[in-house]
Every structure is written in C-alpha cells, then in structure tokens.
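Trainee: Basically my numbering = 1-based index in the sequence shown + 12.
Positions of the beta carbon are idealized from the N, C-alpha and C atoms, including for glycine.
Source: prediction; values computed, not measured.
Would you mind keeping the following structure in view while I ask a few things?
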Amino acid sequence: MKRDVQLGGATSWLADVPCACGEKIPTPLAALLQGLPITCWNCGARLTVKQEESRESLEALGRLNERLSRIQNDIAR
Ligand SMILES: [Zn+2]
Numbered sequence: 013m014k015r016d017v018q019l020g021g022a023t024s025w026l027a028d029v030p031c032a033c034g035e036k037i038p039t040p041l042a043a044l045l046q047g048l049p050i051t052c053w054n055c056g057a058r059l060t061v062k063q064e065e066s067r068e069s070l071e072a073l074g075r076l077n078e079r080l081s082r083i084q085n086d087i088a089r
C-alpha cells in the first residue's frame with residue numbers, strides 16, 4: 013500500500029487490486045469500501061468488490077481506513 017499525495021496536500025490511501033491481466037490497479041480505499049466498480053487501465057476490465065463475500069475484509073479495511081485517516085490528521089498537524 014502506498015500513499016498518493018495529491019495537489020493541495022490532500023492525501024488518499026491506495027490499495028493495489030490485482031486484475032486478471034496481471035496488472036495491479038491502484039484503488040482508493042474509499043472506493044473499495046463503497047463497492048464502486050474499478051476499471052483496469054490496462055485491459056479495460058471492470059472489477060467490483062463482492063460485498064457479501066468480502067464483508068469481513070471490507071470491515072477490516074474500514075477499520076484500517078479509519079486508523080490511516082487519524083494518522084493522516086496527525087501528520088497534517
Ligand atoms: Zn486488466
């Protein structure tokens with residue numbers, strides 16, 4: 013996981029989602045948590061998180077995201 017620093021100092025946390033074509037798609041955690049479809053920049057495939065099957069992982073991601081946001085705020089101070 014890496015931090016994507018954007019203009020204006022706003023940051024978002026990215027997770028690498030593996031695609032069937034072998035590429036890894038950097039995806040904001042917020043998008044994963046909302047179950048938004050992800051489009052592969054390499055092959056154009058649309059990936060969606062299966063909310064039901066991934067519920068536990070998503071909950072863990074949510075907790076992680078909360079913690080990361082807190083760290084982000086600490087850094088910003
Ligand atoms: Zn792909």
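For GLU35, collect the residues of the same chain with a Cβ closer than 8 Å to its Cβ; drop the 5 residues on either side in sequence, then sort them by chain order.
Mentor: Same-chain partners within the cutoff: CYS52, TRP53, ASN54 and CYS55.
Trainee: Can you find a heavy atom of ligand 1 that lies under 7 Å from the Cβ of ASN77?
Mentor: Because no heavy atom of ligand 1 lies under 7 Å away, the Cβ of ASN77 does not count as near it: no.
Trainee: By the three-class DSSP mapping on this structure, what secondary structure does LEU48 have?
Mentor: In this structure, LEU48 counts as coil in the three-state DSSP scheme.
Trainee: Is LEU48 buried or exposed, if buried means 16 or more other CB atoms sit within 10 Å of its CB?
Mentor: Looking at its Cβ environment, which holds fewer than 16 other Cβ atoms inside 10 Å, LEU48 is exposed.
Trainee: Does the Cβ of CYS33 have 16 or more other Cβ atoms within 10 Å, making it buried, or fewer, making it exposed?
Mentor: Exposed: under 16 other Cβ atoms inside 10 Å.
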